[in-house]
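Sequences listed follow chains A and B, in order.
When we follow our numbering, the leftmost residue of the first sequence carries the number 2, and every step to the right adds one.
When we follow our numbering, the leftmost residue of the second sequence carries the number 409, and every step to the right adds one.
Built from N, CA and C at the ideal position, the CB exists for glycine as well.
Remember, it's a predicted structure, so these values are computed and weren't measured experimentally.
Scroll down for the structure; my scribbles are underneath it.
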Amino acid sequence: MSVAETPKPRETGFRFERWAPLILLIGAFAIYVIVALATDQAQYLTFDNLIAILGRSIALGITAIGQTFVILVASIDLSVASLISATAVLASVVMDGSTAMILPAVLAAIALGGLVGLCNGVMVSSLNVNPLIATLGMSLIIQGCLSAFVSNFAGSVPESFQIFAYGEIGPFPLALLFLTGLAVLAWAVLRFTKFGSDIYAVGGNEEAARFAGIKTGRIVILSHVICSVCASIAGLYLASRLRSGAPWIGSDGVYDLESIAVVVIGGTVLAGGRGGIWGTMAGMLIFSLIDSVFNIAGVDSFAKQVLRGIIIIAAVAFYAIRSKRIVA
Amino acid sequence: MTGKDDTPGRRKGMRLPQINPVWILLAALVVAIIFMNPRFVEPTGYMNFLKRAAPLAILAAGQVYVIVSGGFDLSVGSIITLVVVGSSMLTNNDPTATYWVIPLMLGIGLGAGAVNGLIVCFLRVPSLIATLGMMITLNGLAFLWSGGAPRGYLPDTFRFFGRELIRDVPLVRFIPISVIVLVVVVGLLAWLMHRTNLGRHVHAIGDNPLAARLAGVHVNRVRITAFMISGLSAAIAGILLGGFAGVSTDVGTGYELQAITAAVLGGAQLLGGRGSVPAALGGALALTAIFTLLNVLGLPQPVRQVVQGLILIAAVALAMHRRKLTGT
Numbered sequence: 002m003s004v005a006e007t008p009k010p011r012e013t014g015f016r017f018e019r020w021a022p023l024i025l026l027i028g029a030f031a032i033y034v035i036v037a038l039a040t041d042q043a044q045y046l047t048f049d050n051l052i053a054i055l056g057r058s059i060a061l062g063i064t065a066i067g068q069t070f071v072i073l074v075a076s077i078d079l080s081v082a083s084l085i086s087a088t089a090v091l092a093s094v095v096m097d098g099s100t101a102m103i104l105p106a107v108l109a110a111i112a113l114g115g116l117v118g119l120c121n122g123v124m125v126s127s128l129n130v131n132p133l134i135a136t137l138g139m140s141l142i143i144q145g146c147l148s149a150f151v152s153n154f155a156g157s158v159p160e161s162f163q164i165f166a167y168g169e170i171g172p173f174p175l176a177l178l179f180l181t182g183l184a185v186l187a188w189a190v191l192r193f194t195k196f197g198s199d200i201y202a203v204g205g206n207e208e209a210a211r212f213a214g215i216k217t218g219r220i221v222i223l224s225h226v227i228c229s230v231c232a233s234i235a236g237l238y239l240a241s242r243l244r245s246g247a248p249w250i251g252s253d254g255v256y257d258l259e260s261i262a263v264v265v266i267g268g269t270v271l272a273g274g275r276g277g278i279w280g281t282m283a284g285m286l287i288f289s290l291i292d293s294v295f296n297i298a299g300v301d302s303f304a305k306q307v308l309r310g311i312i313i314i315a316a317v318a319f320y321a322i323r324s325k326r327i328v329a
Numbered sequence: 409m410t411g412k413d414d415t416p417g418r419r420k421g422m423r424l425p426q427i428n429p430v431w432i433l434l435a436a437l438v439v440a441i442i443f444m445n446p447r448f449v450e451p452t453g454y455m456n457f458l459k460r461a462a463p464l465a466i467l468a469a470g471q472v473y474v475i476v477s478g479g480f481d482l483s484v485g486s487i488i489t490l491v492v493v494g495s496s497m498l499t500n501n502d503p504t505a506t507y508w509v510i511p512l513m514l515g516i517g518l519g520a521g522a523v524n525g526l527i528v529c530f531l532r533v534p535s536l537i538a539t540l541g542m543m544i545t546l547n548g549l550a551f552l553w554s555g556g557a558p559r560g561y562l563p564d565t566f567r568f569f570g571r572e573l574i575r576d577v578p579l580v581r582f583i584p585i586s587v588i589v590l591v592v593v594v595g596l597l598a599w600l601m602h603r604t605n606l607g608r609h610v611h612a613i614g615d616n617p618l619a620a621r622l623a624g625v626h627v628n629r630v631r632i633t634a635f636m637i638s639g640l641s642a643a644i645a646g647i648l649l650g651g652f653a654g655v656s657t658d659v660g661t662g663y664e665l666q667a668i669t670a671a672v673l674g675g676a677q678l679l680g681g682r683g684s685v686p687a688a689l690g691g692a693l694a695l696t697a698i699f700t701l702l703n704v705l706g707l708p709q710p711v712r713q714v715v716q717g718l719i720l721i722a723a724v725a726l727a728m729h730r731r732k733l734t735g736t
């Protein structure tokens with residue numbers, strides 16, 4: 002509120018925001034270990050089991066990586082869930098059990114993702130439609146089109162494509178390695194490329210970024226394309242895992258809201274411009290650890306939902322409570 | 409749309425009075441419905457239409473408060489579910505229980521809204537996440553309370569508001585109680601928003617919270633009030649819906665998005681500062697009219713979704729376009 006006479010030395014000392022995701026993650030892990038020991042189920046502490054926990058949240062992780070990009074440019078994408086369903090169905094219908102059609106199916110799914118992302122981005126940046134509304138409308142459109150054609154499992158995925166979800170390299174599942182690779186790639190893009198720093202600039206202050214000569218519209222559109230392509234990869238993964246595409250897998254997994262929650266728990270600010278991929282990955286781990294804690298402790302599935310809602314709010318409050326700005 | 413007439417030469421001359429486009433849309437839709445189904449002009453036709461629109465209109469009127477104050481309320485759908493499920497559990501087929509259950513339910517709505525507001529104001533969690541968490545929590549509570557499968561009926565005394573009619577009214581033959589509730593609630597909310605200081609404060613904190621605070625507005629108090637009004641309107645909508653829909657755990661699903669859509673159709677500006685209760689009523693009626701029209705045309709559910717998505721995007725894009733032309 003007051004005009005600072007001298008710029009504060011910001012880089013020195015302990016920066017809470019930077020370490021908060023790690024603190025939350027360590028906390029979640031500690032709770033997991035304590036619950037596993039307290040209920041006398043030490044078998045849940047093995048390496049294999051930890052890998053299995055991670056394996057359950059791969060689709061969420063892939064989606065959340067994309068979501069990080071749009072949230073960093075102060076946008077948001079609610080259409081990922083229905084896009085996941087659409088690409089899963091599209092891919093499995095195109096493949097229809099034949100190995101030869103894998104490549105066309107993957108290309109078609111990614112093209113669909115790119116197209117949806119392009120539409121979202123153009124609506125947000127050129128037509129100035131509020132991103133929440135634009136992507137929500139897009140989500141309704143995709144889901145409507147999808148359920149007009151498909152109402153049950155459609156198509157089938159050939160054995161050779163199921164490797165994506167079930168294959169293993171050494172002790173690690175292939176999909177987990179893929180997720181790690183994607184995260185590293187996303188981190189490198191955000192950290193080392195001009196596009197990455199443009200994203201932070203646009204998210205921090207769009208007007209300032211425009212005056213600085215950044216083509217802000219292009220950055221927003223490209224972020225949306227990245228987000229939607231990530232969602233379509235998640236759709237491909239789910240098709241491979243379920244061996245067929247179903248028009249409800251996206252909305253059943255609540256990937257739209259959960260991916261946003263994961264990103265925000267990972268410390269990326271909804272207003273844009275601050276945050277990063279590793280926070281999102283930490284958020285994903287926190288989510289899957291919490292889920293496993295509930296499973297180990299045998300919490301009733303409805304009570305689980307109640308606790309989940311409270312945890313999302315509490316985790317975000319953990320960062321936000323220290324901020325001085327007025328939120329709405 | 410009036411932008412082209414705003415050339416300097418014509419500005420002084422004849423100028424159409426400013427009509428919110430939602431009323432034109434509503435009129436066009438009503439004409440289309442009458443054209444398709446002439447019986448709509450009879451009291452049974454339009455009264456049933458109003459009756460069906462009542463919960464959404466009340467919800468939208470409450471949602472406008474939160475939107476104008478700069479936030480979102482995604483929890484209203486789950487409040488509806490909780491109210492319907494909770495009342496069926498509490499009344500337990502006892503007609504006399506209605507008299508304490510209804511005030512209790514209104515209290516639950518107010519309470520949920522107050523918690524939303526407190527989380528946003530004091531834990532500084534963005535309202536999108538706060539009310540999302542609340543939505544997940546309350547849905548879980550509704551499941552937990554009913555054990556997943558709600559049973560029983562609501563007694564007729566409870567269903568009075570949603571189902572009963574006042575017969576032998578001159579001119580229109582009958583008036584559903586829910587339409588009277590609609591008129592009273594929306595009238596009250598419109599008065600509160602457009603004729604009192606509270607309404608001006610809500611607009612002020614949505615437009616510029618900092619300026620509002622410096623001007624002496626109790627930002628937190630006003631924001632919490634806005635969320636409480638939204639919660640209360642959700643509880644009222646829940647009581648109406650309990651009257652004419654059955655008891656299930658997904659009665660409220662999707663209502664939060666429809667309420668936001670209705671408010672936006674009525675010209676409410678997301679992220680605050682602009683919006684009107686009567687226009688939100690118009691938006692809710694228009695949305696219901698669209699659904700009615702699609703029903704009359706015999707189009708299936710998926711098409712409804714697609715159309716809702718397209719309208720949502722088009723309404724906001726048009727509003728942004730108009731704003732750009734008028735330079736505000």
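Against chain B, with Cβ distances strictly below 8 Å, would Met139/A count as a contact? yes
Taking a contact to mean a Cβ-Cβ separation below 8 Å, would you say Leu61/A touches Ser260/A in this structure? Yes, the Cβ-Cβ distance between Leu61/A and Ser260/A is below 8 Å.
Could you tell me which of Leu498/B, His611/B, Pro686/B sits nearest to Val593/B, measuring between CA atoms? Pro686/B
Kindly list the residues whose CB is nearer than 8 Å to the CB of Leu464/B, restricted to its own chain and excluding five residues on each side of it in sequence; keep chain order. Ala645, Tyr663, Gln666, Ala667, Ala670, Ala692, Leu695, Thr696
Going along chain B in order, which residues have a C-beta closer than 9 Å to the C-beta of Asn131/A? Those within 9 Å of Asn131/A in chain B are Val672, Gln677, Leu678, Leu679, Val724, Met728.
Alpha carbon of Val117/A to alpha carbon of Pro105/A, nearest angstrom: 18 Å
Determine the direct distance from the alpha carbon of Gly56/A to that of Ile239/A, and round the result to whole angstroms. In the sequence under discussion, the amino acid at residue 239/A is Leu, which differs from the Ile named in the question. Leu239/A and Gly56/A: Cα-Cα distance of roughly 12 Å.
What does a CB cutoff of less than 8 Å around Ser99/A pick up in its chain, not counting 5 residues either side in sequence? Pro159
Opening and closing residue of the beta strand (DSSP E) in which Leu573/B lies: 573-577
Give the secondary structure of Pro563/B by DSSP, where H, G and I count as helix, E and B as strand, and everything else as coil. Residue state for Pro563/B is assigned as coil, using DSSP reduced to three classes.
Could you check where the beta strand (DSSP E) with Arg242/A kicks off and where it finishes? Per DSSP, Arg242/A belongs to no beta strand (DSSP E); it is in the alpha helix (DSSP H), 217-243.
Taking 6 Å as the limit between beta carbons, can you name the residues of its chain near Gly521/B, skipping five residues before and five after? Exclusion of the five residues before and after Gly521/B leaves Phe635, Met636, Ser638, Gly639 as the residues of its chain whose Cβ lies within less than 6 Å of its Cβ.
Given this structure, state the Cα-to-Cα distance separating Ser76/A from Val580/B, to the nearest angstrom. 49 Å
Positions along the stretch 540-552 of chain B whose CB lies within less than 9 Å of some CB in chain A: Leu540, Gly541, Met542, Met543, Ile544, Thr545, Leu546, Asn547, Gly548, Leu549, Ala550, Phe551, Leu552
Is any beta-carbon of chain B found at less than 8 Å from that of Gly299/A? It does not: the Cβ of Gly299/A has no partner Cβ on chain B nearer than 8 Å.
Quick one: complete beta strand (DSSP E) runs, 3+ long, within the stretch 38-121 of chain A? With a minimum length of 3 residues, no continuous beta strand (DSSP E) run stays inside the stretch 38-121 of chain A.
Between the alpha carbons of Ser157/A and Pro534/B, how many angstroms are there, rounded? 42 Å
Under 7 Å: does the beta carbon of Thr700/B sit that close to some heavy atom of the ligand FAD? Among the ligands in the structure shown, none appear at all, so the ligand FAD cannot be discussed.
Extract the residue ranges of the alpha helix (DSSP H) inside the stretch 631-673 of chain B, only unbroken runs of 4 or more that lie entirely within it. 663-673
In the DSSP output, which residue or residues are listed as bridge partners for Pro174/A? Glu169/A
I'd like to know whether the C-beta of Pro534/B is nearer than 8 Å to at least one C-beta of chain A. yes
Phe582/B: first and last residue of the uninterrupted alpha helix (DSSP H) it sits in: First-last for Phe582/B: 581-584, but that is the beta strand (DSSP E), not the alpha helix (DSSP H).
Whole angstroms is fine: what's the gap from Ile516/B's alpha carbon to Ile250/A's? 33 Å
Scan the stretch 239-302 of chain A and note each continuous alpha helix (DSSP H) run of 4 residues or more that stays entirely inside, going in chain order. 250-253, 256-266, 278-298
For a quick check, are the C-beta atoms of Val226/A and Gly115/A less than 8 Å apart? yes
Alpha carbon to alpha carbon, how far is Ala155/A from Gly205/A? 43 Å
Could you list the residues in the stretch 698-715 of chain B with a C-beta less than 9 Å from some C-beta on chain A, going in chain order? Residues passing the 9 Å Cβ filter: Pro708, Gln709, Pro710, Val711, Arg712, Gln713, Val714, Val715.
What's the C-alpha gap between Leu648/B and Thr499/B? 16 Å
Looking at chain B, is there any beta carbon in it that lies within less than 8 Å of the beta carbon of Leu258/A? Answer yes: the Cβ-Cβ gap between Leu258/A and chain B drops below 8 Å somewhere.
Contact set between the stretch 310-326 of chain A and chain B, restricted to residues whose Cβ is under 7 Å from the partner: Gly310, Ile311, Ile313, Ile314, Val317, Ala318, Ala321, Ile322, Ser324
C-alpha distance - Tyr454/B paired with Lys732/B, whole-angstrom precision: 37 Å
So, for Ala538/B: in the same chain, excluding its five sequence neighbours on each side, which residues have a beta-carbon less than 8 Å away from its beta-carbon? Asn524, Ile527, Val528, Leu531
For Leu546/B and Ser483/B, I'd like the C-alpha separation in whole angstroms. 8 Å
At which residues does the alpha helix (DSSP H) containing Val528/B begin and terminate? 506-530
Taking all protein chains shown into account, do 16 or more other C-beta atoms lie within 10 angstroms of the C-beta of Asp97/A, making it buried, or fewer, making it exposed? exposed
From Cys146/A, Ser302/A, Trp188/A, Phe193/A, residue whose alpha carbon lies closest to that of Val711/B: Val711/B has its Cα closest to that of Cys146/A, out of Cys146/A, Ser302/A, Trp188/A, Phe193/A.
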